[in-house]
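Participant:
Residue numbers (my numbering): 124 to 249.
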C-alpha cells in the first residue's frame, strides 16, 4: 500500500509540475483553445491518481479475501460517481468541474472505503 501511495503521489506531482510539456506531447499547437483547456485542467485531473491507487488496491484486497460483493459494490461506485459529478460539478465549478469529476468520484469512493474499514475494525474488536 505504501508503494502505491508513493508511486501515485509521484505521478500526480509529475503531471502537475510538467503539465505544459505533457500537454504539448498530445496537442503541439500551443495557441489552440484545446491546449489552454488541457494545461488548465491536467493538474486538476492529476489529483485523482492518489485516490485511484488507494481504491484499486483496496478493491483488489477485498477481491483477494473473497469479499466479492464489497469489491463489486466499490467498483460500481467508482463507475457511477464520476457520471453524477460530471453533471453536478460543472454547475458549481464551470469547466473545472468537468476536470474534477473523476477525482471527486474517487475521493468519495475512498471516503466510503475508509468508513467500511473502520466499521470492519470495530466489528472485529467489539
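Here a beta-carbon is modelled for each residue, glycine too, at the ideal position from N, C-alpha and C.
Does the segment 141–155 come close enough to the segment 195–209 to have 3 or more Cβ pairs within less than 8 Å?
Facilitator: Touching, no, given that fewer than three Cβ pairs across the two stretches are closer than 8 Å.
Participant: Express the C-alpha separation of residue 135 and residue 172 in angstroms, rounding to a whole number.
Facilitator: If I take the Cα positions, the gap works out to 6 Å.
Participant: Less than 7 Å between C-beta atoms, sequence neighbours within five positions excluded: which residues of the same chain meet that for residue 213?
Facilitator: If we look at residue 213 and ignore the five residues flanking it on each side, its Cβ neighbours are 220, 221.
Participant: I'd like the span of the alpha helix (DSSP H) that includes residue 193, first residue to last.
Facilitator: Run containing residue 193: 191–216, per the alpha helix (DSSP H) assignment.
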